[in-house]
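Numbered per my numbering, the sequence shown finishes at 290, counting up by one with no gaps.
We put the CB at the ideal spot given by N, CA and C, even for glycine.
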Amino acid sequence: MLVLLPPSEGKAAPEAGAPVELAGLSLPELAGARRRVLDALVGLCAGDGDRAAEVLGLSKGLRGEVDKNAGLLTAGARPAGEVYTGVLFDNLGLAKLDEAAYARAERSLLVFSGLWGAVRIGDRIPSYRCSMGVKLPPLGALGAYWRGESDGALSAAAGDGLVLDLRSAAYAAAWKPAGAVAGRTVTVRVLQEREVDGVPKRSVVSHFNKATKGRLVRDLLAAGLEPAAPGELVDALEQLGHRVEVSARGTDRKPWQLDVVVTDVH
Numbered sequence: 025m026l027v028l029l030p031p032s033e034g035k036a037a038p039e040a041g042a043p044v045e046l047a048g049l050s051l052p053e054l055a056g057a058r059r060r061v062l063d064a065l066v067g068l069c070a071g072d073g074d075r076a077a078e079v080l081g082l083s084k085g086l087r088g089e090v091d092k093n094a095g096l097l098t099a100g101a102r103p104a105g106e107v108y109t110g111v112l113f114d115n116l117g118l119a120k121l122d123e124a125a126y127a128r129a130e131r132s133l134l135v136f137s138g139l140w141g142a143v144r145i146g147d148r149i150p151s152y153r154c155s156m157g158v159k160l161p162p163l164g165a166l167g168a169y170w171r172g173e174s175d176g177a178l179s180a181a182a183g184d185g186l187v188l189d190l191r192s193a194a195y196a197a198a199w200k201p202a203g204a205v206a207g208r209t210v211t212v213r214v215l216q217e218r219e220v221d222g223v224p225k226r227s228v229v230s231h232f233n234k235a236t237k238g239r240l241v242r243d244l245l246a247a248g249l250e251p252a253a254p255g256e257l258v259d260a261l262e263q264l265g266h267r268v269e270v271s272a273r274g275t276d277r278k279p280w281q282l283d284v285v286v287t288d289v290h
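Written out as structure tokens, the structure is:
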């Protein structure tokens, strides 16, 4: 099973450590593409700070991120699972997994990134600021850039197993599983169900959908469940106490969609 995750906008900054080694990251086929993005981002942020902040969509309160990006070539790096923070990763709770579950996480989780394309949680990276929605000179929109650079590597990483795609729309633009891989891919929508005037009503959960998705992955990892097909994933999640409904069955060219129904959001 391959689990596709979005990154967090906020990141923990490693206090020390050797800088990133692009040749040591997973998916080594992306090394050249990563170098081009890294050089473009560092060059942008080492120049006109106001222009860099505008390109990156940073407010005045986040101007320090420009300086941080300018120093990425020498900044300390730590495992990506320690750098990424935020709602999804807080609920995933990598640091609380036992050794076997963490090994499964290292093997199955793939975090998408505007800077790195995609990394595994054990890959050492520095803290950075560069979302997938950025149009980075001279490379252009990063979603389209990575879509053109990474299809072969990501299709190979998916192999012939299940792909659980939990990315947000911006990061989903970087790779769209196609062909037979699409038919083994499952996307997840989180719905809240509550009674309104005695009638059950459902609404799509926005911000807190990340918390639910983090818990789904944590539960699968902790239980040692590695479903190999969409139907097995439904059974596994139900076994773990989640309420799951199939809202769209996949085909050879279209992913499955599951609805996870919750009553409380937190």
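*Element boundaries [alpha helix (DSSP H), containing residue 170]*: 166-182
_Which listed residue (208, 95 and 51) has its alpha carbon closest to that of residue 70_ = 95
*Contact under 8 Å by Cβ, residue 268 with residue 116*: no
*Rounded to whole angstroms, how far is the Cβ of residue 101 from the Cβ of residue 148, which I believe are closer than 8 Å?*
4 Å
*Opposite residue 143 in the DSSP bridges: which residues?*
135
_Quick check on residue 184: buried or exposed, where buried means 16 or more other Cβ atoms within 10 Å of its Cβ?_
exposed
*Assign residue 230 to buried or exposed, taking buried as 16 or more other Cβ atoms, counted over all protein chains shown, within 10 Å of its Cβ.*
exposed
_Beta-carbon separation (whole angstroms), residue 260 vs residue 249, contact threshold 8 Å_ = 4 Å
*Per DSSP, the bridge partner or partners of residue 269*: 283
_Three Cβ pairs or more, each shorter than 8 Å: is that satisfied between the segment 265-282 and the segment 45-53?_
no
*By Cβ distance, which residues of its chain are closer than 6 Å to residue 233, with the 5 residues on each side in sequence left out?*
214
*Taking contact to mean at least 3 C-beta pairs separated by less than 8 Å, is the segment 150-160 in contact with the segment 77-93?*
yes
*Taking C-alpha atoms, which residue in 208, 289 and 136 lies nearest to residue 239?*
289
*Alpha carbon to alpha carbon, how far is residue 130 from residue 212?*
21 Å
*Can you tell which of 190, 66 and 29 has the C-alpha that lies nearest to the C-alpha of residue 136?*
29
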